[in-house]
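K.L.:
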């Protein structure tokens, strides 16, 4: 009789054990699913919080009254660069007049002055191109990304307003953009230097670039755009625009392709169209990587 009771209790114990095991398993599964759900929720919340922090810290438009600072910086840049250019040109002219008293110096000036002047011009263009290439190389290092975004992009939501207006003229984050701008600069510099000296060329280049940055800031302010801009296209367009004014019929050829000639006006239109296309591609890139 005792054995019968034990045998009858065994299925009950096994069944109870199974119930207890299934209950523990379900609780463990609910615990694990709860942990996974909490982790997923925390990850989503942290990502949303990071986006909100980004919008609060780096993507707030400035008041439109800050445009006056940009206008003042543009005027100061033009005044400073052209003043330095005038002083430098005056010193060079004064030195040339003094050298005219010496016949040998005059002889050397006639036969070797042009070659020396061309050498100085080539050095100037090479320096501008090298500066743009160096800044482009810095964009390749992720450790400098915050620094480059702060100082070398021009935006109306940036922490710095004035200095990036100048530094962004030497900044390119896309190789095609940089190559095209430097190619055009090297090709059209000779045409511009026929009307401007070396000093005036550099002053006009910098002032034109800063003025283009000012126009970009005005557009961003009124369209409420948070996207930054960068590139030397504004400075190059200013140089070609100057040639269009002083010599609208001037023919310009591309280096390595001298058989193709076109007017300065067509060159300016091509630069503007290319810059518009690159700006559109840059905006898409920024939206996708946000």
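Residue numbers (my numbering): 1445 to 1734. Beta carbons are placed, not taken as given, at the ideal position from N, Cα and C, and that holds for glycine.
#1: Using a Cβ-Cβ cutoff of less than 6 Å, which residues in the same chain neighbour residue 1656 once the five nearest sequence positions on both sides are dropped?
#2: Grab me the residues of residue 1592's own chain with a C-beta within less than 7 Å of its C-beta, minus the 5 sequence neighbours each way, in chain order.
#3: Tell me where the alpha helix (DSSP H) around residue 1681 begins and ends.
#4: Under three-state DSSP, which class holds residue 1587?
#5: Roughly how many angstroms separate the alpha carbons of residue 1643 and residue 1665, rounded to a whole number?
#6: With a threshold of 6 Å on Cβ separation, who are the neighbours of residue 1518 within its own chain once the five nearest residues in sequence on each side are excluded?
#7: Could you tell me how far apart the beta carbons of residue 1684 and residue 1626 are, in whole angstroms, since I believe they sit closer than 8 Å?
#8: Let me know the secondary structure DSSP gives residue 1618 once reduced to three states.
#9: Report yes or no: do the stretch 1597 to 1604 and the stretch 1666 to 1674 share at least 3 C-beta pairs separated by less than 8 Å?
#10: Measure from the alpha carbon of residue 1632 to the alpha carbon of each residue in 1566, 1588, 1509, then state which is nearest.
#11: Nearest CA to the CA of residue 1526: which residue from 1623, 1645, 1688?
#12: Return yes when the Cβ of residue 1585 is within less than 7 Å of the Cβ of residue 1615, no when it is not.
#13: Short of 6 Å in beta carbon distance, which residues of its chain neighbour residue 1580, apart from the five on each side in sequence? Order them along the chain.
#14: Based on Cα-Cα distance, which residue from 1605, 1594, 1570, 1713 lies nearest to residue 1661?
#15: Taking DSSP's pairing of strands, which residues face residue 1673 in a bridge?
#16: DSSP three-state label for residue 1717, please.
#17: Please work out which residues of its chain come closer than 6 Å, Cβ to Cβ, to residue 1613, disregarding the five sequence neighbours upstream and downstream, and give them in chain order.
#18: Alpha carbon to alpha carbon, what distance is there between residue 1640 and residue 1522?
#19: CB-CB under 6 Å to residue 1610, same chain, minus the five flanking residues each way: which ones, in chain order?
#20: Quick check: the Cα distance between residue 1638 and residue 1690, rounded to an integer number of angstroms?
#21: Apart from the five residues just before and just after residue 1628, which ones in its own chain have a Cβ nearer than 6 Å to its Cβ?
#22: What residues in its chain sit with their C-beta under 8 Å from that of residue 1651, if we drop five residues either side in the sequence?
#23: Helix, strand or coil for residue 1506? Go by DSSP, reduced to three states.
#24: How far does the alpha helix (DSSP H) with residue 1662 in it extend, from its first residue to its last?
#25: According to DSSP, is residue 1572 helix, strand or coil?
#26: Just the Cα atoms here: how many angstroms apart are residue 1587 and residue 1575?
#27: Please determine, among 1514, 1630, 1509, 1531, the residue with the shortest C-alpha to C-alpha distance to residue 1571.
P.N.:
Based on what the coordinates show:
#1: 1678
#2: Cβ contact annotation for residue 1592 (same chain, cutoff 7 Å, sequence separation greater than five): 1582, 1583, in chain order.
#3: 1677 to 1690
#4: helix
#5: 33 Å
#6: 1654, 1655, 1658
#7: In fact, because the Cβ distance is near 15 Å, the residues do not count as touching under 8 Å.
#8: coil
#9: yes
#10: 1566
#11: 1645
#12: Judged by their CB atoms, residue 1615 and residue 1585 are not nearer to each other than the 7 Å cut-off.
#13: 1616, 1622
#14: 1605
#15: 1598
#16: Note: residue 1717 maps to helix in three-state DSSP.
#17: 1653, 1676, 1679
#18: 15 Å
#19: 1654
#20: 11 Å
#21: 1680
#22: 1518, 1521, 1522, 1525, 1526, 1682
#23: coil
#24: 1642 to 1667
#25: helix
#26: 20 Å
#27: 1630
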